[in-house]
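Heads up, the thing below is written out as structure tokens.
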Amino acid sequence: MAGTISRVRLENFMCHSSLHIELGDHVNFITGQNGSGKSAILTALCVAFGCRAKNTQRAASLKDFIKTGCSYAAIVVDINNHGEDAFKPEVYGNLIILERRISESSSSTVLKDQHGRKVAHRKDDLNEIIEHFNIDVENPCVIMSQDKSREFLHSGNDRDKFKFFFKATLLQQVNDLLVTIKEHLNNADSIVEDLEKSIRPVLRELDELREKIKNMEHIEEIAHEIENLKKKLAWSWVYDVDKQIEEQAVKLQKLKERIPACQERIDRNAAIMVELRKEFIEKKENVRSFVEKTQEVRRMKEKLEHDIGEAVKLKMELEKEHARGTQVLNKMNNRVKQLQAQVHDFKLQRMQETQDEASQIEQDMQELQQEINSAHLNVTRLKEEENKLSEELRGIIKAIGDVEKEVDEGATRIRYLKSQMRDLQQRQGNKVTAFGGDRVLQLMRSIERNCSRFKIPPIGPIGAHLQLASDSWSVAVDCALGRLLDAFIVSCHKDSLILRDCGKEANYRNVQIIIYDFAEPLLDIPAHSLPSTTHPTILSVLHSENPTVLNVLVDLGHVERQVLVKDYEVGKSVAFDHRIQNLKDVYTSDGYKMFSRGSVQTILPPNRKGRAGRLCTSLGERIAEMEKEATGIDQIIKERVGWGKELGSERKDLEDKVKTLKRKREDEEWRLEHKKVQLDDTKRISANNSHETVVDTTELEAEMMQLQEDIMNRKLVLQKIDVKLTGALQDENNRRASYKDFIDSANVEMGSINEVEHELQIVEEKLHAAQQEKAHYEDVMEKKVLAVIKNAESEYTDLQQLRQENYKKASIICSENEVEALGGVAGSTPEQLSAHINKLKQRFQQESRRYTESIDDLRALHNKKERKILRKQQMYAGFRDKLNACQKALDLRWKKFQRNAGLLKRQLTWLFNEHLGKKGISGHINIDYKNKVLSVEITMPQDASRDTVRDTRGLSGGERSFSTLCFTLALHGMTEAPFRAMDEFDVFMDAVSRKISLDTLVDFAAAQGSQWIFITPHDISMVKPGDRIKKQQMAAPRG
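Under numbering that gives the first Met the number 0, the residue at position 778 of the sequence shown is numbered 777, and the numbers go up by one with no gaps.
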């Protein structure tokens, strides 16, 4: 087998003067007493294969291996080199002879072929052989010396076991190699980084030099550009005049195109005037006929009013006559009553003459007092009833007033809704009318007519360029923006003056104008400038295709800081309960405005006078809702009117009842006063009865009879007067009813005449408007079309003459083809070119004074430095790429190393259990790579408890040696080497364990097929002889 050792020869090495050992290809046992030089063989193999003296743990340096009294030492090892794994068989043949010579001052290694001819002598050649055959003499699984055997096999320290395992499986070597590589890579990275930093000052110098060259090149470019610009300037005057001529031609063409349009407007207005005059004459004739009818109605009305006046006059005369008769009758009745009282008084005087008459007077006084008390109670009761009915009457009168007020408010609301519906219907035809009515339409027409005067056509009204995300916010947005929706936007002050003139022309004098830069892009509002709330802002619900409109709303309307909420309570919470940053105002969906300024909190109701919801798009639905609301209000008004009529009827009944009660109360009060007067008279008569004399009452009675007869006659006269008064009242009422019917019919006819007059006024206004428009267009034709065309033609002729002059001057400076080769002068005016030339001249003078070096010298210096720095950059970039590749490879190898370490851990446990099983023992090996410990767990067959022994020191010496041997064999099974050697492996074993261990070792070695060398001082007679086993006995040491 290639790589095995066939013979070892030692000369003056350690205790041997001359030693020749022939080794078999399989198992070799070397025995002998202590001091016979057995271990020197293994030490010689280690030194021969390049091991350092310190690593053998037998000497401090190689010269210490020279036998005392000798000047050199020699080690010759014959290595078999046949088979498939032979190393360069065409050079060495079937045998490689390794010779290592050691002297006091040096050592050498020689490699010879099978014939003893020298082939190589370098250490690299030896390392190549070692790597080929995988011979690592420092690996304890290849050569286990006495010291290593004591250190690893007979030690119970888990860290020592880990070191043994880590080194035996070559993981230690790989780990050290990877760590070393990592350190080298870090050092190399630092070096490359320093190299990269070292060129940065040079790069800065190169940039400065490049900038300097660029500036100097720029001076040459400036001079060249000045010459080219002068040529372009000469021809730019020609092209500028060409452009003016072209523009003038287009303007002239447009002006001429306005003639048919203007004439068409004049003809159309003339035709409209003809139609309107016909309609005006017809309407005027209708009005005249209605006026004649009105005069007749007025005469009839005056006649009826005169008849009513006569009836009222007759009624008033009868009432006066009736009042006079009633007054006379009352006086006569009063006189009768006085006479009756006198007669009664006289009779009382006579009655008082006797005692009976006195008692009768007393009784009369009591009766009068009772009547007075009864009358007083009746008066009190009647007053209470009258007050109760009066209070009820006042309640009804108040209810009637409330009903009339509600009816008036409903009628006002209906008129408002009809006005709104007319506006919405007008907006259905044209959305612009919502933001200024008919005036804005006239303003738009005026802007269209004066479009050429504007630098940039105005934008407006703003509301016409906005769309709402939801119609639910239309009222709130309208209340927030208000008149800003009616505003127009212009790009400069000159355009604002032109727009103001257009407003005057359209009779829209208070038009709101905003000056803003149309080129400004859409404003980008950062999130931290917006209100920190989940409610939407006005800006978030508005959309417009024109960014200028949104920019104006942000700059002037602050729409990004105005928040919209659904209802009143949520609005109060957002506006006042939370101090929201960047919040300006809060608007509810029905138009309430809420804001706080410092400690002052303000809530403003919506403006009901304005037309809210102008941005609403669902106009048909709004009109339907308003019609429904108007119908509902009209129905309510009808119900209220009916209820008012019922209340009026109740009021009339109550007023009649109150009058009746008042009359009863007054009668009862008169009766009460009368009884009081009678009682007073009776008391007075009773007091003066003794002093009165009897008087004759005949004359009084006669006078009383005459008066009673006159009263009867007067009553008959009054009855006749009542009949006449009733007839007069009936006649007055009839005439008033006729008058009312006549007035109602007249009002209907007057309503018709009002309509006709209104229509006549409308026709007259239209006719006047058509006349004004016709006169306006005739004036426009005369002053703004024909006169302008004449001026334009004159300017066109002047421009053509100017063009010829400029062309002659430019041709003297250079040809037109030369200018076209330079790129032409498109996009530049002569003024711009002149200004540019002046700037370039100033810059040329300034730059020329700054530099004194030659640009060619600077370029040569720049190219030299650039080539130098480029070479360094490429070299350093190559270093960096290689470092990155090495780092990736190192990372990959670390991963493979960790994966292999895990696989070796499992493989070690399997092989360890396999060897323990030969003695009926089971176990497990735990490896902790992090803490670098290796522990062995053993379960003995005789242990009834089957407890696991985790510390091998708890075993007997033989058991511990056997388990350690199994651990070693497991490691051997994991490593590959052409030969292996073990020294004093069975020192601490008893006879039984030694026998089992030797049998196990021999079986393992024979089965594996590699070469094994066992060195022991003990008797090996129990080892069975065989073809694969060779035993040798070392001579006893000489004293």
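The C-beta atom is built at its ideal place from N, Cα and C for all residues, glycine as well.
Query, Result
"Closer than 8 Å is the cut-off here; do at least three beta carbon pairs connect the region 239-253 with the region 802-821?", "yes"
"Of the residues Glu195, Gly49, Phe28 and Asn185, which one's Cα is nearest the Cα of tyrosine 875?", "Glu195"
"Considering only their Cβ atoms, is the gap separating proline 530 from isoleucine 1039 smaller than 8 Å?", "Absent from the structure is residue 1039, since the part of the chain shown begins at 0 and ends at 1038."
"Please give me, in chain order, every unbroken run of the alpha helix (DSSP H) with length at least 4 that falls completely inside the region 394-475.", "437-448"
"Starting from aspartate 982, follow the beta strand (DSSP E) in both directions and report where the run begins and ends.", "978-982"
"Distance check for arginine 993 and leucine 22, CA to CA, integer angstroms please.", "23 Å"
"What does the alpha-carbon distance come out to for the pair arginine 683 and lysine 675?", "12 Å"
"Are the region 660-670 and the region 379-387 touching, with three or more C-beta to C-beta distances below 8 Å?", "yes"
"Given a cut-off of 8 Å on the beta-carbon distance, is the pair leucine 860 and valine 191 in contact?", "no"
"In the DSSP assignment, find the beta strand (DSSP E) that holds glycine 922 and state where it starts and stops.", "921-927"
"Once DSSP output is grouped into helix, strand and coil, what is the label at tyrosine 238?", "helix"
"Which word fits glutamine 707, buried or exposed, when buried means at least 16 other C-beta atoms lie within 10 angstroms of its C-beta?", "exposed"
"Compute the Euclidean distance between the alpha carbons of isoleucine 221 and alanine 233, then round it to the nearest angstrom.", "18 Å"
"So, for glutamate 103: in the same chain, excluding its five sequence neighbours on each side, which residues have a beta-carbon less than 6 Å away from its beta-carbon?", "Lys62"
"Does DSSP put leucine 18 in a helix, a strand or coil?", "strand"
"Could you give the first and the last residue of the continuous beta strand (DSSP E) run that contains isoleucine 4?", "4-12"
"Would the region 855-870 and the region 164-182 be scored as touching if the rule is three or more Cβ pairs under 8 Å?", "no"
"DSSP puts serine 934 in a beta bridge; with which residues?", "Asn925"
"Hey, which unbroken runs of the alpha helix (DSSP H) at 4 residues or more fall wholly within the region 20-77?", "37-47"
"When the Cα of alanine 187 is compared with those of Glu89, Cys45 and Asp880, which residue comes out closest?", "Asp880"
"Using 8 Å as the threshold, is the C-beta distance between glutamate 758 and lysine 282 below it?", "yes"
"On the CB-based measure, 16 or more other CB atoms within 10 Å of its CB, does isoleucine 811 come out buried or exposed?", "exposed"
"Can you tell me whether glutamine 1010 is buried or exposed, with buried defined as 16 or more other CB within 10 angstroms of its CB?", "buried"
"Helix, strand or coil: how does DSSP classify isoleucine 198 here?", "coil"
"By the three-class DSSP mapping on this structure, what secondary structure does histidine 183 have?", "helix"
"State the Cα-Cα distance for the pair valine 573 and threonine 533, rounded to the nearest angstrom.", "10 Å"
"If you draw a straight line from the alpha carbon of aspartate 24 to that of isoleucine 4, how long is it in whole angstroms?", "8 Å"
"In chain order, what residues of the same chain lie with their CB nearer than 6 Å to the CB of lysine 1029, ignoring the 5 residues before and after it?", "Gly23 and Asn27"
"Is asparagine 11 buried or exposed, if buried means 16 or more other CB atoms sit within 10 Å of its CB?", "buried"
"Would you tell me roughly how many angstroms separate the C-alpha atoms of alanine 340 and tryptophan 669, rounded to the nearest one?", "17 Å"
"Got a sec? Which residues, its chain only, sit under 7 Å from lysine 53 by beta carbon, not counting five neighbours each side?", "Ala59"
"Shortest alpha-carbon distance to arginine 209 belongs to which of Arg892, Asp1018 and Asn862?", "Asn862"
"Given threonine 796, which residues of its chain have a CB within under 6 Å of its CB, disregarding the five upstream and five downstream residues?", "none"
"Within 10 Å of its beta-carbon, does leucine 715 have 16 or more other beta-carbons around it, so buried, or fewer, so exposed?", "exposed"
"Closest to asparagine 79 by C-alpha separation, out of Asp655, Arg613, Gln113 and Ile742, would be which residue?", "Gln113"
"What residue does the alpha helix (DSSP H) around threonine 601 start on, and which one ends it?", "From DSSP, threonine 601 is part of no alpha helix (DSSP H) but of the beta strand (DSSP E) over 599-603."
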